[in-house]
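Residue numbers (this note's numbering): 33 to 317.
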């Protein structure tokens with residue numbers, strides 16, 4: 033119910049720490065880790081609340097029917113109490129960091145509650161909301177360590193988040209097949225998978241272009257001290273191409289986050305990219 037496997041998404045909270053070069057400062061590192069923990073608790077609270085809201089739908093789903101609330105192993109009242117506890121701890125940690133981080137966290141909670149109650153039933157708006165929720169993690173991370181986040185970094189984060197959200201819906205559509213009554217309401221009037229593939233490929237291309245523009249942006253070059261961040265682009269291109277290739281091979285509609293966690297090649301690519309970025313920011317390349 034708390035979705036610990038989904039906490040990997042909260043690594044976006046640490047992105048500003050890395051790209052600002054503040055990872056060598058203990059105070060910033062500590063604040064970023066507190067922010068990661070606080071946002072993870074906040075997100076878990078939203079997941080618990082969402083499980084209560086989706087219980088009826090989940091009971092009809094071949095996989096989601098095993099979730100605690102849907103299966104009946106946990107009462108909705110207890111789930112709500114857990115949600116309130118997680119949200120209280122998460123928002124408390126955000127407030128302890130600073131008021132800006134707290135405001136972003138509160139905004140995230142409000143957005144996700146609106147999503148759970150109504151917006152998730154509106155086709156395409158739902159994926160935009162998911163992308164905004166993921167992007168808020170990067171904004172939150174910048175607020176946590178009190179640095180100004182690059183507009184290009186926000187754009188890149190939003191685009192990669194939008195791509196992942198589209199893949200998530202695409203995989204759900206593949207999984208339910210002709211049984212649209214098992215899917216969320218927004219998918220009941222969804223276009224065919226080929227349309228989703230076109231959207232995903234378009235966003236993927238724009239994401240790569242945005243990252244390249246970010247690496248050669250004048251302010252980025254001034255901050256880094258060179259244009260060598262451009263050398264990390266091959267990792268991004270390969271990672272996106274490999275990921276989308278895996279999505280096309282995976283025709284059973286597996287959850288993209290679960291698939292990503294099991295993909296060794298993707299892990300190696302992301303670690304290689306991270307090492308390259310840190311090396312450039314440290315002046316080693």
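Backbone N, C-alpha and C fix where the C-beta goes; we use that ideal spot for every residue, glycine too.
Roughly how many whole angstroms lie between the Cα atoms of residue i and residue j?
{"i": "residue 316", "j": "residue 46", "result": "21 Å"}
{"i": "residue 201", "j": "residue 193", "result": "13 Å"}
{"i": "residue 268", "j": "residue 276", "result": "12 Å"}
{"i": "residue 167", "j": "residue 296", "result": "25 Å"}
{"i": "residue 204", "j": "residue 254", "result": "43 Å"}
{"i": "residue 224", "j": "residue 189", "result": "27 Å"}
{"i": "residue 118", "j": "residue 82", "result": "13 Å"}
{"i": "residue 375", "j": "residue 278", "result": "Nothing about residue 375 can be read from this structure; the chain reaches only from 33 to 317."}
{"i": "residue 89", "j": "residue 134", "result": "32 Å"}
{"i": "residue 229", "j": "residue 261", "result": "30 Å"}
{"i": "residue 57", "j": "residue 304", "result": "23 Å"}
Can you give me the Cβ contacts of residue i inside the same chain, cut-off strictly under 7 Å, excluding the 5 residues immediately before and after it?
{"i": "residue 191", "result": "235, 238, 239, 242"}
{"i": "residue 144", "result": "78, 165"}
{"i": "residue 48", "result": "170, 173, 174, 177, 179, 181"}
{"i": "residue 265", "result": "243, 244, 247"}
{"i": "residue 187", "result": "242"}
My guess is that residue i and residue j are in contact by the Cβ rule of under 8 Å, so how many angstroms apart are they, rounded?
{"i": "residue 313", "j": "residue 256", "result": "6 Å"}
{"i": "residue 126", "j": "residue 111", "result": "With 8 Å as the limit, residue 126 and residue 111 do not qualify as a contact, their Cβ atoms being about 22 Å apart."}
{"i": "residue 74", "j": "residue 116", "result": "The Cβ separation is near 12 Å, so there is no contact."}
{"i": "residue 60", "j": "residue 69", "result": "Not a contact, Cβ separation roughly 15 Å."}
{"i": "residue 301", "j": "residue 270", "result": "6 Å"}
{"i": "residue 288", "j": "residue 199", "result": "5 Å"}
Consider the C-beta atom of residue i and the heavy atoms of the ligand SAM; say whether any pair is separated by less than 8 Å.
{"i": "residue 155", "result": "Here there are no bound small molecules, and the ligand SAM is not part of this structure."}
Can you find the residues in the same chain that come closer than 8 Å, C-beta to C-beta, to residue i, ignoring five residues on each side of it along the sequence?
{"i": "residue 245", "result": "184"}
{"i": "residue 147", "result": "158, 161, 162, 165"}
{"i": "residue 42", "result": "68, 71, 72, 75, 169"}
{"i": "residue 131", "result": "none"}
{"i": "residue 129", "result": "63, 66, 67, 70, 175, 176"}
{"i": "residue 38", "result": "75, 79, 289"}
Report all residues from its chain with a CB closer than 6 Å to the CB of residue i; omit the five preceding and five following residues, and keep chain order.
{"i": "residue 162", "result": "197"}
{"i": "residue 113", "result": "none"}
Which runs of the beta strand (DSSP E) at least 3 residues long sit entirely within the stretch 80-140? Give them in chain order. Correct list: empty.
Entirely within the stretch 239-308 and at least 4 residues each: give me those alpha helix (DSSP H) ranges in chain order. 250-256, 265-281, 288-293
Which runs of the alpha helix (DSSP H) fall wholly inside the stretch 145-183 and span at least 4 residues, in chain order? 157-177
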